[in-house]
Amino acid sequence: MRYLGLAPFGAYVLLFLALPTLLAVGTGFVDGDGALTASNIEALLDPVILTVFWNSIWLSALTAVTGAVLGALVCYALLETRPDGVLRSIVDSASGVLAQFGGVMLAFAFVSLIGIQGLLRVILQNNFGIDIYADGVWLYEVPGLVLPYIYFQVPLMIIVFLPALEALKPQWAEASATLGGTRATYWWRIGIPVLMPSFIGSLLLLFANAFSSYATAAALTSQGQGIVPLQIRAALTSETVLGRENLAGALALGMIVVMTLVMVLYSRLQRRASRWQQR
Amino acid sequence: MTRSLNRTHSPAPSRATRWIILGAVGLLFALPLVSMVEFTLRGGLEGGYTIDRWVTVFTGQLGPEFRQLWLAIGNSLLLAAVTVAIMLVLLVPTMILVQLSFPRLRHGLEFICLLPITIPAIVLVVGLAPVYSVVSRMFGSGVWTLAFAYGVLVLPYAYRAIQANLDSIDVKTLSEAARSLGAGWGTVLFRVLIPNLRRGILAASFIAVAVVLGEFTVASLLNRVNLQTALLIVNKADPYIAVIFALLSLLFAFVLLVVIGRVGSVSRKVRS
Chain A
1 MRYLGLAPFG
11 AYVLLFLALP
21 TLLAVGTGFV
31 DGDGALTASN
41 IEALLDPVIL
51 TVFWNSIWLS
61 ALTAVTGAVL
71 GALVCYALLE
81 TRPDGVLRSI
91 VDSASGVLAQ
101 FGGVMLAFAF
111 VSLIGIQGLL
121 RVILQNNFGI
131 DIYADGVWLY
141 EVPGLVLPYI
151 YFQVPLMIIV
161 FLPALEALKP
171 QWAEASATLG
181 GTRATYWWRI
191 GIPVLMPSFI
201 GSLLLLFANA
211 FSSYATAAAL
221 TSQGQGIVPL
231 QIRAALTSET
241 VLGRENLAGA
251 LALGMIVVMT
261 LVMVLYSRLQ
271 RRASRWQQR
Chain B
1 MTRSLNRTHS
11 PAPSRATRWI
21 ILGAVGLLFA
31 LPLVSMVEFT
41 LRGGLEGGYT
51 IDRWVTVFTG
61 QLGPEFRQLW
71 LAIGNSLLLA
81 AVTVAIMLVL
91 LVPTMILVQL
101 SFPRLRHGLE
111 FICLLPITIP
121 AIVLVVGLAP
131 VYSVVSRMFG
141 SGVWTLAFAY
151 GVLVLPYAYR
161 AIQANLDSID
171 VKTLSEAARS
181 LGAGWGTVLF
191 RVLIPNLRRG
201 ILAASFIAVA
211 VVLGEFTVAS
221 LLNRVNLQTA
231 LLIVNKADPY
241 IAVIFALLSL
251 LFAFVLLVVI
261 GRVGSVSRKV
271 RS
């Protein structure tokens, strides 16, 4: 009886989170007539699909590492600024917007910057004689996603990594200084080792973020199928990809497997990192 | 003494280093935004710059071909409102209930609420398609029904904002005090707990609005019209107007988040 109060939320989560997830993954195991089949799962081993997964993975890894390093640098620059000051207020809000609000807007932004008639592309071409598209236009292919993805990864890194950097205790710096340590010793022997689990954890979160991102790629390439989410779009909108129905389900399962691996690693690292963040 | 020790051995970067890093990254991040603004100001074939398009947008002279866009903005605002309502009606009471009566379920609730981070929206869509064919039979195919899916997408953000607020007040003592003075559960909820949670709820609502206004994946694949899907369609007809609206919505979201930041820093001050 006491548990009745939990029922509305429970029903909602069951219907709109658990059920869709199970359906998405489950359809990968049945064919068009509802009979069990492994052919969709076998399709995951198709060279085309493997290439697509590989594209998604290297794109996510590359942008996660670049984003994490740049973002950590910004966090370092923000160290010991006033948390309620104007600078932090602007950086926090801008990071929030750019990390959340990507998608279609980002596609527009990069077309206007490095599209065929883009501002930067034209300036480089006319004033410096550099043609960034000498080997063909790559903006609408998978490599074209690298810059827009970094654009939303750095803000996310700032959001998730800054709290870890701020949890460094000033006493550690004082202790290091009292024992004759320089700033370099402090960072090399104390700061970096303490922050490492948080850094890797944030890196994994960035990887997951890029891996599951769909909107930017969809807006930039209306026909492309270079990464897994776009392949899911193709499988959803036309039933005939590779002659297999319900391929979308199998692709969804593949994505969930990768995401689960990443998030399990993440929560382990987070537990390790939280040792240093207790106040 | 401490001061000089801090100065020379502080791990923080020097002023110059700080501004070089922030300046360089800030410049790189400003480039695409500047190029968007430049794009909207470009004159047609004859070149040069013009602010005509901004004037057209702000004086409401957009032609009938952009009616779709206004409709889409209306849809997105409606979706934002319904999503916030779902959050307030379903999530907030459940979180209070768990905090009060089922502390053992807290980790379970946290796990469920953070789960949507692990399940990409594109995966959710694959399973939502059949769910929505049932939903539209029950509630009709109105665009507002999309808010059920959006409620799930905002769960992690909403949960974090509200839980941070719940942790900072003593729910148990407050409600027991009210109960012992003869208040019913309704009074406890609406006159004691919710007023104390208004900062968390406000922050959660703002972030929900920002997420909904930026949402593309679910709407696009379930063939519903919202701000983002309409921007993409308008972009094919008139890219300049589409970019102007993208910039405006970006600005709106930025202001929204500055407000959240203010709300948050006020609550930080109160706590300390």
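So the sequences go chain by chain: A and B.
For the first sequence, the UniProt record's numbering begins at 1 and goes up steadily by one.
For the second sequence, the UniProt record's numbering begins at 1 and goes up steadily by one.
Positions of the beta carbon are idealized from the N, C-alpha and C atoms, including for glycine.
Predicted model, so just to flag it, every value in this text is computed and none were measured.
May I ask you to list the residues that DSSP assigns as paired with residue i?
i, result
"TYR49 (chain B)", "B:ARG42"
"LEU36 (chain A)", "A:VAL30"
Kindly indicate the opening and closing residues of the alpha helix (DSSP H) around residue i.
i, result
"LYS172 (chain B)", "171 to 180"
"LEU145 (chain A)", "Run containing LEU145 (chain A): none; DSSP gives neither H nor E here."
"ILE73 (chain B)", "67 to 86"
"ARG82 (chain A)", "Premise fails: ARG82 (chain A) is in no alpha helix (DSSP H) and is neither H nor E."
"ASN246 (chain A)", "Segment: none, ASN246 (chain A) is in no alpha helix (DSSP H) and carries neither H nor E."
"ASP167 (chain B)", "146 to 168"
"PHE9 (chain A)", "7 to 13"
"LEU120 (chain A)", "119 to 128"
"ARG106 (chain B)", "106 to 118"
"VAL89 (chain B)", "It is not in any alpha helix (DSSP H) - VAL89 (chain B) carries neither H nor E in the DSSP assignment."
"residue 274 (chain B)", "Since the first residue of chain B shown is 1 and the last is 272, residue 274 (chain B) is not available in this structure."
"SER212 (chain A)", "192 to 212"
"ILE116 (chain A)", "ILE116 (chain A) -> no alpha helix (DSSP H), and no H or E assigned at all."
"LEU236 (chain A)", "228 to 237"
"THR216 (chain A)", "215 to 220"
With a threshold of 8 Å between beta-carbons, can residue i be considered close to chain D, or not?
i, result
"ARG106 (chain B)", "Reference to chain D is not applicable here, since the protein chains of this structure are A and B."
Since I believe residue j is in contact with residue i (beta carbons under 8 Å), could you give me their beta-carbon distance rounded to a whole number of angstroms?
i, j, result
"GLN100 (chain A)", "GLY214 (chain B)", "6 Å"
"ALA24 (chain A)", "LEU124 (chain B)", "7 Å"
"ILE227 (chain A)", "SER56 (chain A)", "4 Å"
"LEU174 (chain B)", "ALA149 (chain B)", "LEU174 (chain B) to ALA149 (chain B), Cβ: 34 Å. No contact."
"ILE232 (chain A)", "ALA252 (chain A)", "7 Å"
"LEU166 (chain B)", "GLY200 (chain B)", "7 Å"
"LEU248 (chain B)", "VAL37 (chain B)", "With a Cβ gap of about 11 Å, LEU248 (chain B) and VAL37 (chain B) do not count as contacting."
"VAL135 (chain B)", "ALA208 (chain B)", "Actually they do not touch by this definition, with Cβ atoms about 20 Å apart."
"residue 284 (chain A)", "TYR140 (chain A)", "No statement about residue 284 (chain A) is possible, as the shown extent of chain A runs from 1 to 279 and does not include it."
"LEU206 (chain A)", "MET157 (chain A)", "6 Å"
When every heavy atom of the ligand NAP is checked, does at least one fall within less than 7 Å of the C-beta of residue i?
i, result
"VAL137 (chain A)", "Of the ligands one can find in the structure shown there are none, so the ligand NAP has no counterpart to examine."
- request: Would you check if there are 3 or more beta carbon pairs closer than 8 Å linking the segment 50 to 63 of chain A to the segment 12 to 25 of chain B?
  value: no
- prompt: Does the segment 164 to 177 of chain A come close enough to the segment 34 to 47 of chain A to have 3 or more Cβ pairs within less than 8 Å?
  reply: no
- prompt: Where in the segment 171 to 233 of chain B do unbroken runs of the alpha helix (DSSP H), each at least 4 residues long, occur, reported from the N-terminal end onward?
  reply: 171 to 180, 198 to 214 and 217 to 221
query: Is the segment 94 to 105 of chain B close to the segment 254 to 265 of chain B, with three or more CB pairs under 8 Å?
result: no
Three CB pairs or more closer than 8 Å across the segment 228 to 242 of chain B and the segment 61 to 72 of chain B: yes
message: With three or more C-beta pairs closer than 8 Å as the rule, is the segment 143 to 158 of chain B touching the segment 196 to 216 of chain B?
response: yes
- prompt: For the 8 Å Cβ check, are there 3 or more pairs between the segment 117 to 131 of chain A and the segment 145 to 164 of chain A?
  reply: no
task: Taking only runs that begin and end inside the segment 155 to 188 of chain A, name each unbroken alpha helix (DSSP H) of 4 or more residues, in chain order.
output: 170 to 178
The segment 152 to 171 of chain B touching the segment 190 to 200 of chain B, judged by at least three CB pairs closer than 8 Å: yes
The segment 104 to 121 of chain A contacting the segment 20 to 38 of chain B, beta-carbon criterion three pairs below 8 Å: yes
task: Give a yes or no on contact between the segment 257 to 272 of chain A and the segment 196 to 204 of chain A, applying the rule of three or more CB pairs nearer than 8 Å.
output: yes
- prompt: At a cut of 8 Å, does the segment 174 to 193 of chain A reach the segment 83 to 103 of chain A through at least three beta carbon pairs?
  reply: no
query: Just checking, does the segment 75 to 85 of chain B make contact with the segment 217 to 232 of chain B on the three C-beta pairs under 8 Å criterion?
result: yes
message: Measuring CB atoms only, is the segment 72 to 83 of chain A touching the segment 134 to 146 of chain A, in the sense that at least three cross pairs come out at less than 8 Å?
response: no
field: Segment contact flag, the segment 51 to 66 of chain B with the segment 237 to 244 of chain B, C-beta cutoff 8 Å, min 3 pairs
entry: yes
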